[in-house]
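Counted the way the working numbering counts, the sequence shown spans residues 4 to 147. All C-beta atoms in this analysis are idealised placements derived from N, C-alpha and C, irrespective of residue type, glycine included. The structure appears below as structure tokens.
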Amino acid sequence: MYATATSFRQALEERLRRLSLESNTSLSRLRKLVAFDRLLARMVADDLGLWILKGGYALEMRLGDRARTTKDVDAAVRVPLGKAPDLLAAAASARLDDWFEFEVGRPDQAATGAPEGGLRFPIRCLLDGRLFESFHLDVGSGDP
């Protein structure tokens, strides 16, 4: 366990640099994967089962290197879409003692293909008060 966010950030960044060299995976890709993981951990921490991981990242989690990489995260929510912004904000603000913080921006309409439509949320992942990574979370509603 690290005593400060700064010491954790330094150790994580060094570890990711080494892993990037060893695995021939870009450093930016590894950073994005960490950010995805930490947001998803928050989304499932409440154990209500409201979020469903979908899309390219779900395939990447399942198939590993055999799946294409993705720049965003796709999810479905098991409540009316209008409740998604508040649910996501609450999930993103969860404290998991991992030094990460998330900022969820205002959503835009997204073409998710979901029956009840979708929203695209800009996400900023912060570590030690600095931007660690940014990405989009596309949320759809009404899927089975």
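Using the Cα positions of residue i and residue j, report the straight-line distance between them to the nearest angstrom.
i: Ala95; j: Leu43; result: 9 Å
i: Ala79; j: Lys35; result: 20 Å
i: Asp100; j: Arg69; result: 32 Å
i: Thr7; j: Glu25; result: 27 Å
i: Thr72; j: Glu63; result: 7 Å
i: Leu129; j: Arg98; result: 13 Å
i: Gly58; j: Arg21; result: 29 Å
In this structure, does DSSP put residue i in helix, strand or coil?
i: Ala14; result: helix
i: Glu25; result: helix
How would you write the range of the beta strand (DSSP E) that residue i sits in, first residue to last?
i: Gly133; result: It is Arg, not Gly, that sits at residue 133 in the sequence shown. That run of the beta strand (DSSP E) goes Arg133 to Ser144.
Can you find the residues in the same chain that come closer than 6 Å, C-beta to C-beta, to residue i, ignoring five residues on each side of it along the sequence?
i: Val76; result: Phe39, Tyr60 and Leu140
Could you pull out every residue in the same chain whose Cβ sits closer than 7 Å to the Cβ of residue i, ignoring the five residues on either side in sequence?
i: Arg32; result: Thr72
Give me, in chain order, the residues of the same chain whose beta-carbon lies closer than 8 Å to that of residue i; leave out the 5 immediate sequence neighbours on both sides.
i: Gln112; result: Gly120, Gly121, Leu122 and Arg123
i: Leu56; result: Leu43, Met64, Val76, Asp77 and Ala78
Uninterrupted alpha helix (DSSP H) stretches inside the stretch 28-92 (no shorter than 4 residues): 30-48 and 58-66
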